[in-house]
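Last residue of the sequence shown: number 1061 in my numbering, and the count goes up by one each step with no gaps.
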Amino acid sequence: MEFCYSMINDKPTESPQSDQHNSESDSPADSEYIKRELKDLIQRKLDQDKNGQVSYEELKKYLADLHERNIEHNVDKQWTLYSPQIHEVFSWEGYEPEKKEVLTWDHYFNQTYPELIGVDIGIPINREQDSARMLSPDELKKEETTTKSPDVDPNEDPHMRSLRVMVQRADARWKLADENGDTLLTKNEFKMLLHPDEGYEELQNLFVREATEDMDLDKDGKIGLDEFMKHLQVLANDQEKSDPHWLSSQKENFGRFLDKNKDGILDGDEIKDWLVPPKSRKFDSEAKRLLDIGDANEDHSLSSAEILEHFDQYLSLLPPEYWQNMSQDAESNEISNDESILKGDGQKHDEL
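Structure, rendered in structure tokens:
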């Protein structure tokens, strides 16, 4: 199971941070168009050995490549939306500063959380670049141990509490993603802010801790089956919720694959193994899931016909360019509709 998690990205769609698509919930285009896209994808990318079948290994390789493309696409788009500035940046490889595009914390904060500008959230917003405070790589690793779980005030407004938690988590991620400790983020460091599970171990540990805090309802540091299922039900899309087998399959997944020691709960190591699995098996379960959906003849591979028969179950295979084109088409239609309204096309008026 792939687990997509990032609380600091939970912002309105007009915010740079939240510009992410969900292939399961986006309104699909014409079904025949989707089938043509999938058929072309099978021929060009999926069926690497050109034997007319898509194997388990071919699915795994494609999913890994697609994952990287989706991340790069998201980082590129977010980076552009934040309008980075040119600064002199020091590195541990050389003594002379190098001019690079960077993002400052205050610029990031003001664009991502405009409703919190001027609000005291207990985190300094203006951070001037100070090369004298640059930390060594070993010192940077110690930052992870200083990040604390957000304090919870039971009397605080729920919306404000949610925003405060997001900022505190973003602040903790920022400090760890900032590899040279200059308070600025280069594009590569920004990538680790958005996708800490793709970063080094301390960032991965922070990512796991964030997820655990959200799922761990009784705050015992572990995830029970009920907590696991409640969280998945929040994340589930309409299609999954309407599937009569979905709940039972997720419970089976918990017991068979996630709960390694079969004690009925997920401890810290098991949670990390679930959320940040080794790259060698990161896409095993997703490839198997996709294979099981369409493999009607149980030959452990998928033909083009088997994929197209269940095309709506394979939308996650479509590349980011497809969803970008879909978004642009939708925006064009909205603009056309707005122009029609402004022109009064087909509109009846009943002014008093």
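Even glycine gets a Cβ: it sits at the ideal position worked out from N, Cα and C.
The structure presented is a predicted model; accordingly, all values stated were derived computationally and were not measured.
Asked, Found
"Among P1028, N1034, D739 and K997, nearest to H776 - alpha-carbon criterion", "P1028"
"Element boundaries [beta strand (DSSP E), containing Q794]", "Q794 to S800"
"Beta-carbon separation (whole angstroms), L915 vs L885, contact threshold 8 Å", "6 Å"
"P953 in three-state terms, based on DSSP", "coil"
"Span of the beta strand (DSSP E) around S1012", "S1010 to S1012"
"contact_flag[the region 778-796, the region 1013-1023] where n(CB pairs < 8 Å) is 3 or more", "no"
"Within 7 Å, strictly: CB atoms of M924 and H904", "no"
"CB of L768 within 7 Å of CB of A996, strictly", "yes"
"Whether L772 touches F992 by CB criterion (7 Å)", "yes"
"Presumed contact (8 Å Cβ cut-off) between N889 and S800, rounded CB distance", "6 Å"
"Buried versus exposed, by CB contacts within 10 Å (16 or more), T855", "Only weak support exists for where T855 lies, its pLDDT of 49 falling under 50; the coordinates are left without a value."
"Cβ-based neighbour list, K754, same chain, cut-off 7 Å, excluding 5 preceding and 5 following", "Y771"
"Between the CA atoms of Q1033 and E907 - distance to the nearest angstrom", "23 Å"
"For I932, three-class secondary structure by DSSP", "strand"
"Where the beta strand (DSSP E) through Q762 begins and ends", "Q762 to S764"
"Spatial neighbours of S840 in its chain, beta-carbon cut-off 6 Å, leaving aside the 5 residues before and after", "Confidence at S840 is low in this model, with a pLDDT of 43, below 50, so the placement of that residue is unreliable and no value is reported for it."
"Member of D947, L967 and R998 whose CA lies at the smallest distance from the CA of L984", "L967"
"Contact test: K971 Cβ vs the ligand NAD heavy atom, cutoff 6 Å", "Absence of the ligand NAD from the depicted structure is noted, as is the absence of any ligand whatsoever, leaving it without description."
"Opposing strand residues paired with L893 [DSSP bridges]", "T813"
"Distance between H868 and I1064 (C-alpha atoms, nearest Å)", "The chain is shown only over 710 to 1061; residue 1064 falls outside these bounds and no answer can be derived."
"CB contact flag (I832, D815, <7 Å)", "no"
"Cα-Cα separation between Q838 and D887, rounded to whole angstroms", "Since pLDDT at Q838 reaches only 46, below the 50 mark, its modelled position is unreliable, and the value read off the structure follows with that caveat. One C-alpha to the other measures close to 12 Å."
"Inter-stretch contact (C-beta, 8 Å, three-pair minimum) for the region 967-982 and the region 916-936", "yes"
"Where I974 falls: helix, strand or coil (DSSP)", "strand"
"Collapsed DSSP secondary structure at E805 in the structure displayed", "strand"
"Environment of V828 [buried if 16+ CB atoms lie within 10 Å]", "exposed"
"Burial state of Y817, where buried means 16 or more other Cβ atoms lie within 10 Å", "buried"
"DSSP-derived helix/strand/coil call for R836", "coil"
"H782, DSSP secondary structure in three states", "helix"
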